[in-house]
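Trainee: I'd like to ask you about the structure that follows.
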Ligand code: PEP
Ligand code: MG
């Protein structure tokens, strides 16, 4: 016969799966000898059995009765005794806390007979009748779904006629009669008078509340599995509503908002816990309890210290004082803000309660990320105008501009608002305080580029109907014109009209070297924990950076080199014309001339980056995107040519460009002529880039520097592609005097490369996983479109809990990575292996990469501290 019921004296906190969080901690407090009212926990097993069959498992209520009898014996008081009744509280409590989502029923055991016994025992008739009316209302609502409002209206009416001292016992007695009528009318039968029946019905109602609509929604939001079920805690009632020497409260052992030491909490005299939640009366600060009941207050402080020492963490507590006697109703390791998490972890190390390694487990990379961005002060924020995808965190305020050139020319902060962005928008994105798009998800161009620059970005705000030509956008019936001020929150995706005040982040200022670590307790805590992460981590952290400024920033933030320098950004702006010349070249002479013109600016870029990262590796990737991305878009060009023809003027160069764009058009450009394929079919292109790298390094060396470039070939799928590029590159390198040894490696970003990694490693000094493309090609999901189209439905249906472009898909893409690491290292033991896709800055993914044995991760500069922390956490 399986067992379902455990007395509080039997369990402990390690059994939260079985007893739920609340039950396990009640047992733990009981074991510690703290004043917990006697009780027992019905296990989650029982709930799961109930949910599976619709009825309680066989023998459950016999077991409940056995435990109940023990409690009755201990308290010398019986459920249903008309002279001195035991009353019970029935509370839910799952493995994970779901505040307010599930049911509680208090005062079980009251009926027409026991209410007089309670009145006699307590010497307080009003209290007894008030407790009875509470039970009828709670029971009606929770067990039978009777609407609370009808009860509330009657209560309000009685309160209105009562004097300042509140309703009399007679009035409450009459109210109970009214409540019973409401109950019978709404439920279809009388309020059950048998106390044991009340108890069993309440237990079943708590089981059933697991499947309530709000509980389901909450679980989906918090990613709590749907099949865990809840435990039920049955506890002898203690009363906080027995007069001025009674009360109920909540307390925290440290401030859960800031982490500051000291006790925090609220207290409500002469009340039951539900009154605090209902906000019937205002609570008072916990320190005032010292004046009201100094003995209980001191005892509470002692208990809080005991709990902190025992749990070695911030605890939150619910307690009740019944006529001067303190009772603990709940405790748990308390939720806290990201700032408090860091501050408390550092304090606990100082207090000798935890080791520095444990402190790393008390904070997360996601919390550090939140602390690094400025935040809106939302105390007086208006309703959001619309909500999009929070794609790059931060809080940005500025005037709306719909055009990148206007953004680039602006003299005051602007928000660049576009349907979507493309490489042409780069100058505008750099100049803008924030970027807002109506299309695309977290891996859209806008999102990736904005994150790379640390620019606040909200994307995919579909409610925005943008008409850039008319310089306006419409949201419902509100038209937002260029020049109007808006505020965008890149963390929550919320968009506000007008200016919402912004608070700068002290952590970001410290990381940028603007604040010293002793500036405030939060900064000091971040400094210490990051320092410890650096000391223990095995995984290196590099940055993805394409400019000297980004490289310098990354270095300040702790990057040990560049893991991905994308060279395509070096072909934009005024160099675009040179690229056009290359594309339109007729014959080798024109092509060589175009390449020769591209070489000097490219070399200058590399000199700057190598100088910024002197002494550290800089992995430079040869050109990757399809060349037509550097030409004007087909519709734009077609319109220009058509306009010229209509006006009878000569379209000139546009006509030639149009021909080239049409010729180069691909239905599937991401699977088309890009990456290594470009190097193999556009003669001289990669050779020019390799020469620019080698000459830049030689120049840096002659200037006394220590340049450490590496050359990386993108989109390789077969070793022969890499071998061909490598041969050509080595020939070029051999021609450049003073260049250092330059390793040549490859990205692993298509499944075939991973599957043939052993072969590819024979030609590669290093691998770098391009997990953006590797995810795209493994899932056959467009990284540019999927999030804006079907991912929403997939997340909703739980097909995956989070986008695989955001967190590495360990089972699928991760399997390819493990395979490639093993086979690559088997073929070449000294192979260096890193990752440079967006996942390199995602804390959960970093943990996977550490576990998979990679040498480093590379991520956008602003994510470097987050990756350092995550790598440290992975090592403890
Ligand atoms: C990748 O594919 O993961 C990668 C880093 O390259 P890109 O994002 O430039 O395609
Ligand atoms: Mg790629």
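In the UniProt record's numbering, the protein residues as written are 1 to 876. The beta-carbon is built from N, C-alpha and C at its ideal position, and this holds for glycine as well.
The beta strand (DSSP E) spanning residue 327 covers which residue range?
Mentor: Taking the chain shown and counting its residues from 1, the one referred to as residue 327 is at position 327. 325-333 is the extent of the beta strand (DSSP E) around residue 327.
Trainee: So is residue 22 buried or exposed if we call it buried at 16+ other beta carbons inside 10 Å?
Mentor: The residue given as residue 22 occupies position 22 in the chain shown. Classification of residue 22: buried, given that the 10 Å Cβ count is 16 or more.
Trainee: As a quick exercise: from 828, 818, 641, pick the residue whose alpha carbon is nearest that of residue 850.
Mentor: The residue labelled residue 850 in the question sits at position 850 within the chain shown. Among 828, 818, 641, the Cα nearest to that of residue 850 belongs to 818.
Trainee: Cα-Cα, which of 694, 764, 698, 730 is closest to residue 717?
Mentor: Working through the chain shown from its first residue, we reach residue 717 at position 717. It is 764.
Trainee: Can you tell me which residues fall inside 5 Å of the ligand MG, judged by beta-carbon distance to its nearest heavy atom, and keep chain order?
Mentor: Any residue whose Cβ sits closer than 5 Å to a heavy atom of the ligand MG makes the list: 749, 770, 773.
Trainee: Give a yes or no on whether the C-beta atoms belonging to residue 584 and residue 657 are separated by under 9 Å.
Mentor: In the chain shown, counting from the first residue as 1, residue 584 sits at position 584. In the chain shown, counting from the first residue as 1, residue 657 sits at position 657. The answer is yes: Cβ separation under 9 Å.
Trainee: Tell me whether residue 837 sits in a helix, a strand or coil according to DSSP, three-state version.
Mentor: Residue 837 sits at position 837 when you count from the first residue of the chain shown. In this structure, residue 837 counts as coil in the three-state DSSP scheme.
Trainee: Between which two residues does the beta strand (DSSP E) holding residue 318 run?
Mentor: The sequence position of residue 318 within the chain shown is 318, counting from 1. Here the beta strand (DSSP E) through residue 318 covers 315-322.
Trainee: Which complete alpha helix (DSSP H) runs does the segment 522-609 hold, if anything under 4 residues is left out?
Mentor: Within the segment 522-609, the complete alpha helix (DSSP H) runs of at least 4 residues are 548-556, 576-584.
Trainee: May I have the straight-line CA-CA distance separating residue 691 from residue 261, to the nearest angstrom?
Mentor: Here residue 691 corresponds to residue number 691 of the chain shown, with the count starting at 1. Here residue 261 corresponds to residue number 261 of the chain shown, with the count starting at 1. Going by the C-alpha atoms only, they are around 60 Å apart.
Trainee: Whole angstroms are fine: how far does the CA of residue 40 sit from the CA of residue 177?
Mentor: Sequence index remark: in the chain shown, residue 177 carries index 177 (1-based). Sequence index remark: in the chain shown, residue 40 carries index 40 (1-based). Near 32 Å, if we compare the C-alpha coordinates of residue 40 and residue 177.
Trainee: Taking 8 Å as the threshold, find out whether the segment 422-436 comes into contact with the segment 451-470 through three or more Cβ pairs.
Mentor: Judged by Cβ distances under 8 Å, the segment 422-436 makes contact with the segment 451-470, as three or more pairs qualify.
Trainee: By how many angstroms is the C-alpha of residue 7 removed from the C-alpha of residue 303?
Mentor: Your numbering for residue 303 matches position 303 in the chain shown. Your numbering for residue 7 matches position 7 in the chain shown. Computed Cα separation, rounded: 22 Å.
Trainee: Mind reading off the beta-carbon distance from residue 834 to residue 563? Whole number of angstroms is fine, and I expect it under 8 Å.
Mentor: As a working mapping, residue 834 is identified with position 834 in the chain shown. As a working mapping, residue 563 is identified with position 563 in the chain shown. So it is a contact: roughly 5 Å between Cβ atoms.
Trainee: Tell me which same chain residues have a C-beta within less than 6 Å of the C-beta of residue 468, skipping the five on either side of it?
Mentor: Position 468 of the chain shown holds residue 468. Correct list, in chain order: 402.
Trainee: Quick one: grab the DSSP three-state call for residue 292.
Mentor: As a first step, residue 292 is located in the chain shown; it is residue number 292 there, counting from the start. Helix at residue 292.
Trainee: Residue range of the beta strand (DSSP E) that residue 417 falls in?
Mentor: The residue you call residue 417 lines up with position 417 of the chain shown. Here the beta strand (DSSP E) through residue 417 covers 414-418.
Trainee: Does the beta carbon of residue 837 fall short of 8 Å from some heavy atom of the ligand PEP?
Mentor: As a working note, residue 837 is residue 837 in the chain shown. Yes, the beta carbon of residue 837 sits closer than 8 Å to at least one heavy atom of the ligand PEP.
Trainee: Count the other CB atoms, across all protein chains shown, that sit within 10 Å of the CB of residue 798; report buried if there are 16 or more and exposed otherwise.
Mentor: For this step, residue 798 is matched to residue 798 along the chain shown. Per the 10 Å Cβ criterion, exposed.
Trainee: Can at least three beta-carbon pairs, one atom from the segment 90-106 and one from the segment 63-80, be found at a separation below 8 Å?
Mentor: The segment 90-106, when compared against the segment 63-80, does not touch it at the 8 Å Cβ threshold.
Trainee: On a Cα-Cα basis, can you pick out the residue from 474, 426, 364 that is closest to residue 400?
Mentor: Numbered from its first residue, the chain shown carries residue 400 at position 400. Ranking 474, 426, 364 by Cα distance to residue 400 puts 474 first.
Trainee: Is residue 714 near the ligand PEP, in the sense that its beta carbon is under 8 Å from a heavy atom of that ligand?
Mentor: What you label residue 714 is simply residue 714 of the chain shown in a count that begins at 1. Residue 714: yes, Cβ under 8 Å from the ligand PEP.
Trainee: Is any heavy atom of the ligand PEP found at a distance shorter than 8 Å from the C-beta of residue 816?
Mentor: As a working mapping, residue 816 is identified with position 816 in the chain shown. No - the ligand PEP has no heavy atom lying nearer than 8 Å to the Cβ of residue 816.
Trainee: Residue 850 by DSSP, collapsed to three states: which one?
Mentor: In the chain shown, the residue the question calls residue 850 occupies position 850. Helix.
Trainee: Output the residue ranges of the beta strand (DSSP E) runs that lie fully inside the segment 653-725 and measure 3 residues or longer, sorted by chain position.
Mentor: Whole beta strand (DSSP E) segments, 3+ residues: 708-713.
Trainee: Report yes or no: do three or more beta-carbon pairs, one from the segment 577-593 and one from the segment 645-652, lie closer than 8 Å?
Mentor: No contact exists between the segment 577-593 and the segment 645-652.
Trainee: Considering only residues of the same chain and omitting the five flanking positions on each side of residue 171, which have a CB-CB separation below 7 Å?
Mentor: In the chain shown, the residue the question calls residue 171 occupies position 171. Within the same chain, residue 171 has close Cβ partners 158, 162.
Trainee: Within the present structure, is the beta-carbon of residue 566 separated from the nearest heavy atom of the ligand PEP by less than 8 Å?
Mentor: Within the chain shown, residue 566 is the residue found at index 566, counting from 1. True, at least one ligand heavy atom lies under 8 Å from that Cβ.
Trainee: Is the beta carbon of residue 574 within less than 8 Å of some heavy atom of the ligand PEP?
Mentor: In the chain shown, counting from the first residue as 1, residue 574 sits at position 574. Not so, every heavy atom of the ligand PEP lies at least 8 Å from the Cβ.
Trainee: Assuming residue 353 is part of the beta strand (DSSP E), what are its boundary residues?
Mentor: Residue 353 sits at position 353 when you count from the first residue of the chain shown. From DSSP, residue 353 is part of no beta strand (DSSP E); its letter is neither H nor E.
Trainee: Could you tell me the distance, in whole angstroms, from the CA atom of residue 391 to the CA atom of residue 521?
Mentor: Against the chain shown, residue 391 aligns to sequence position 391. Against the chain shown, residue 521 aligns to sequence position 521. Approximately 29 Å between the Cα atoms of the pair.
Trainee: How would you label residue 767, buried or exposed, when you count the other beta carbons within 10 angstroms and need 16 or more for buried?
Mentor: The residue you call residue 767 lines up with position 767 of the chain shown. Result: buried.
Trainee: Would you check if the segment 855-865 and the segment 784-799 touch, i.e. whether three or more CB-CB distances between them fall below 8 Å?
Mentor: Too few Cβ pairs lie closer than 8 Å, so no.
Trainee: Is residue 624 close to the ligand PEP? I mean its beta-carbon at under 8 Å from any heavy atom of the ligand.
Mentor: Here residue 624 refers to the residue found at position 624 of the chain shown. Indeed, a heavy atom of the ligand PEP lies less than 8 Å from the Cβ.
Trainee: Pairing CB atoms from the segment 744-758 with CB atoms from the segment 711-730, are three or more of them under 8 Å?
Mentor: Segments in contact, yes.
Trainee: Could you tell me if the beta carbon of residue 544 falls within a distance shorter than 8 Å of some heavy atom in the ligand PEP?
Mentor: For the purposes of this step, residue 544 is identified with residue 544 of the chain shown, where counting begins at 1. Yes, Cβ of residue 544 sits closer than 8 Å to a heavy atom of the ligand PEP.
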